[in-house]
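**Student:**
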Amino acid sequence: MEPLDPYLLANILYLVLVVGLWLAAMAAVTPGTGLLELTALTALVIAGFGTLVQPFNLWALIPLALGAVFFGLSLRRRQEAVWLTLSAVALSVGSVYLYGDETGPAVHPLLAIVVSLSTVGFFWLTIRRALAAHLARRRHDPQAVVGQVGDVRTPLDPMGTIYVGGELWTARAERPLAVGARVKVKSRDGLILDVEPWSGTMSAVDREATA
6 MEPLDPYLLA NILYLVLVVG LWLAAMAAVT PGTGLLELTA LTALVIAGFG
56 TLVQPFNLWA LIPLALGAVF FGLSLRRRQE AVWLTLSAVA LSVGSVYLYG
106 DETGPAVHPL LAIVVSLSTV GFFWLTIRRA LAAHLARRRH DPQAVVGQVG
156 DVRTPLDPMG TIYVGGELWT ARAERPLAVG ARVKVKSRDG LILDVEPWSG
206 TMSAVDREAT A
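All letters in the sequence shown, in the order written, are residues 6 to 216 by my numbering.
#1: Span of the beta strand (DSSP E) holding W64?
#2: In angstroms, rounded to a whole number, what distance separates the CA positions of S121 and V188?
#3: So, for Y102: in the same chain, excluding its five sequence neighbours on each side, which residues have a beta-carbon less than 7 Å away from its beta-carbon?
#4: If we ignore side chains and look at the alpha-carbon of each, how far apart do G55 and V24 end up?
#5: What three-state label does DSSP hand E217 in the structure shown?
#6: At which residue ranges does the segment 65-138 contain complete alpha helix (DSSP H) runs of 4 or more residues, listed in the order of the chain?
#7: Is DSSP giving G25 helix, strand or coil here?
#8: Using C-beta distances below 6 Å, list every residue in its chain close to T159, excluding the 5 sequence neighbours before and after it, in chain order.
#9: Give every residue of the same chain whose Cβ lies closer than 7 Å to the Cβ of A52, excluding the five residues on either side of it in the sequence, and list them in chain order.
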């Protein structure tokens, strides 16, 4: 069996590396079962072993490292679109030039252009949206409902439902409360709120949350 053509091998390794980078980025913004992380690690390990059998440019590790840094900065939710774009460009440059020698990259130019543009598009459309959704979930603190004022939607006797913080919650009170009564959240026990009657003036935030 004839050995695989080095030029073809470089292109295959390049694709494996890019897929690994895409999956690693997705895993960073959509933590879940670990399948994405495991697949990304496998692809990156294969691409790493490729440097043992394929000539590579050591300097290409610099843009790859910069791409990782830029991606990390995007997770801070400050100008994330800019950092994601810079990350995609840096990772594209590093991955294109990783496999090759002083004469240039071993990756086919057309393949490099298509994949690099796809990387920018993938980061801009998919990763940016996933990042926004992830950060929105992270900003939502269920404990923040404590101290807010809402109103009773189904009678509390002692359990019922209230509307507070823009959501319906299961709540309980020490004495029966009718529909429409105003209540203030004293504490949260899992998904159940302990409330007490409230007769004060609602703040603008509470009025908006119960509208």
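Note that beta-carbon positions come from the ideal geometry of N, C-alpha and C, so glycine has one too.
**Tutor:** With the structure as the only source:
#1: Neither: W64 is in no beta strand (DSSP E) and is coded neither H nor E.
#2: Put simply, the backbone Cα of S121 is about 56 Å away from that of V188.
#3: Counting only Cβ-Cβ distances below 7 Å, and skipping sequence neighbours, we find N62, A65 and P110.
#4: Using only the alpha carbons, I get a separation of about 14 Å.
#5: For the chain, the structure presents residues 6 to 216; residue 217 sits outside this window and is missing.
#6: Taking only runs of at least 4 residues, the alpha helix (DSSP H) segments lying wholly in the segment 65-138 are 66-79, 85-103 and 114-127.
#7: In this structure, G25 counts as helix in the three-state DSSP scheme.
#8: Result list for T159: G165 and T166, in chain order.
#9: Once the five neighbours on either side are set aside, the close Cβ partners of A52 are L18, V21, L22 and G25.
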